[in-house]
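Trainee: This is the structure I have questions about; it appears just below.
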Amino acid sequence: MLSINNISLSIGKKRLLDDVSFKVAKGSITGILGANGAGKSTLLKLICGDFHNYTGEILLDNQQLRNIPANQLSKQIALVRQHESVSTDIKVIDYVLLGTLAYSHGRLNENAYLKAMKALRIFEAEIFCQKSYQQLSGGERQRVQLARALVQLNSDDKEYSGYLFLDEYSAHMDIYYQRQTLEILKSLILQNSLAILVIGHDLNIALEFYEDSLLLKNGKTIAFDKTKNVLTTHNIQKAFNIDVKLVSLEDRAHDLVVF
8 MLSINNISLS
18 IGKKRLLDDV
28 SFKVAKGSIT
38 GILGANGAGK
48 STLLKLICGD
58 FHNYTGEILL
68 DNQQLRNIPA
78 NQLSKQIALV
88 RQHESVSTDI
98 KVIDYVLLGT
108 LAYSHGRLNE
118 NAYLKAMKAL
128 RIFEAEIFCQ
138 KSYQQLSGGE
148 RQRVQLARAL
158 VQLNSDDKEY
168 SGYLFLDEYS
178 AHMDIYYQRQ
188 TLEILKSLIL
198 QNSLAILVIG
208 HDLNIALEFY
218 EDSLLLKNGK
228 TIAFDKTKNV
238 LTTHNIQKAF
248 NIDVKLVSLE
258 DRAHDLVVF
């Protein structure tokens, strides 16, 4: 489990995060929700080690995150960014193989290639394996990035294990691949020792796929709980300054947010 306890962060005189606490459990998808500027990406960057001057504690499987060596942490946490800059001309298969650097020390073998191809197949991206990464569309790149992250969390050859962080990973995906990817991720966490933490904007996607959600505004917690308990009309209005209705449909197991 990943436990974030009473985290606060200031840069100069500006308070970016204020006493934020939540948990990310294995076998579940947890969402970080909020309007632009709420502190979502800052919080994710902090957990990934981009900031060190925070107060509070972060525990990763009962270990202080500050005390985990970077080479060990890279086997436990993989990040897919919204915008990942790749300046060099690299084949997709070679890009996905970068995920093995967390544990292979740069030594590639047949098993590494098998891992990479398996991950590409999982995200229906194996057709791109010999293409240049630069030739892919935004949505195709994001599927390939997910494959790279999955390879990074496959150090023991048996299963995918660890924490997958997604920073608005589906921004360039069409509706089909957004939902398809979430179905794939949902299946993966049920079959492996995985936890997923995702920054998202789509509240209906959150209600359908995120078991728990943290709702932020101006770096402060509005709510953390089961997503259906977090996304009330009151909390949504407070976080996004917009009035909504929650509608129940007979053929859906969750409410629908109507703007």
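For what it's worth, our numbering labels the leading residue of the sequence shown as 8, then goes sequentially.
Cβ coordinates follow ideal geometry from the N, Cα and C atoms, glycine included.
1) Does DSSP put residue 257 in a helix, in a strand, or in coil?
2) Near residue 167, which residues of its chain fall below 8 Å by C-beta distance, leaving aside the five closest residues on each side in sequence?
3) For residue 216, does the three-state DSSP call read helix, strand or coil?
4) Could you tell me if the beta carbon of residue 181 falls within a distance shorter than 6 Å of some heavy atom in the ligand GDP?
5) Just the Cα atoms here: how many angstroms apart are residue 53 and residue 17?
6) Is it right to say residue 249 is buried, meaning 16 or more other beta carbons lie within 10 angstroms of its own, or is it exposed?
7) What is the DSSP secondary structure of residue 100, counted as helix, strand or coil?
8) Residues in its own chain within less than 6 Å of residue 67 by CB, not counting five upstream and five downstream?
9) How is residue 236 classed by DSSP in three states: helix, strand or coil?
10) Can you list, in chain order, the residues of its chain whose CB lies under 7 Å from that of residue 63, leaving out five sequence neighbours each side?
11) Just grab the DSSP bridge partners of residue 169 for me.
12) Alpha helix (DSSP H) containing residue 114: first to last residue?
13) Nearest by alpha-carbon distance to residue 179: which of 91, 57 and 21 is it?
14) So, residue 175 versus residue 206, is the Cβ gap smaller than 7 Å?
15) Return helix, strand or coil for residue 64, following the three-state DSSP convention.
16) If you draw a straight line from the C-alpha of residue 251 to the C-alpha of residue 112, how long is it?
17) What did DSSP end up calling residue 38 once you bin it into helix, strand or coil?
18) From which residue to which residue does the alpha helix (DSSP H) around residue 7 run?
19) I need the boundaries of the beta strand (DSSP E) containing residue 18, first residue and last residue.
20) Does the Cβ of residue 223 have 16 or more other Cβ atoms within 10 Å, making it buried, or fewer, making it exposed?
Mentor: According to the structure shown:
1) For this step, residue 257 is matched to residue 250 along the sequence shown. Residue 257 sits in coil when the DSSP states are folded into three classes, being neither helix nor strand.
2) Translated into positions along the sequence shown, residue 167 becomes position 160. Result list for residue 167: 157, 160, 161, 195, 199, 200 and 201, in chain order.
3) For the purposes of this step, residue 216 is taken as residue 209 along the sequence shown, with counting starting at 1. The answer is helix: DSSP assigns residue 216 an H, G or I state.
4) This structure does not include the ligand GDP; it has no bound ligands of any sort.
5) Your numbering for residue 53 matches position 46 in the sequence shown. Your numbering for residue 17 matches position 10 in the sequence shown. Distance between the alpha carbons of residue 53 and residue 17 is about 11 Å.
6) The count along the sequence shown starts at 1 and reaches residue 249 at position 242. Counting Cβ neighbours within 10 Å, residue 249 comes out exposed, since fewer than 16 surround it.
7) The residue labelled residue 100 in the question sits at position 93 within the sequence shown. Helix.
8) As a working mapping, residue 67 is identified with position 60 in the sequence shown. Cβ within range, chain order: 9.
9) The count along the sequence shown starts at 1 and reaches residue 236 at position 229. Looking at residue 236 - three-state DSSP - the assignment turns out to be helix.
10) Translated into positions along the sequence shown, residue 63 becomes position 56. Non-local beta-carbon contacts of residue 63 in its own chain, meaning distances under 7 Å to residues more than five positions away in sequence, involve 12, 13, 14 and 15 in chain order.
11) Residue numbering aside, residue 169 sits at position 162 when the sequence shown is read from its first letter. As a beta-bridge residue in DSSP terms, residue 169 pairs with 201.
12) By 1-based counting over the sequence shown, the position of residue 114 is 107. It is not in any alpha helix (DSSP H) - residue 114 carries neither H nor E in the DSSP assignment.
13) The residue given as residue 179 occupies position 172 in the sequence shown. Looking at the Cα atoms, 91 is the closest of the given residues.
14) What you label residue 175 is simply residue 168 of the sequence shown in a count that begins at 1. What you label residue 206 is simply residue 199 of the sequence shown in a count that begins at 1. With respect to the 7 Å criterion, residue 175 and residue 206 are classified as neighbours on the basis of their beta carbons.
15) What you label residue 64 is simply residue 57 of the sequence shown in a count that begins at 1. Judged by DSSP in its simplified three-state form, residue 64 adopts strand.
16) Locating residue 251 in the sequence shown gives position 244, where the first residue counts as 1. Locating residue 112 in the sequence shown gives position 105, where the first residue counts as 1. Cα-Cα distance, rounded: 51 Å.
17) Position 31 of the sequence shown holds residue 38. Strand.
18) Past the edges of the chain, shown from 8 to 266, lies residue 7, and the structure says nothing about it.
19) Counted from its first residue, the sequence shown places residue 18 at position 11. For residue 18, the enclosing beta strand (DSSP E) has its first and last residue at 9-18.
20) The sequence position of residue 223 within the sequence shown is 216, counting from 1. Using a 10 angstroms sphere on the CB of residue 223, the tally of other CB atoms reaches 16 or more, which defines it as buried.
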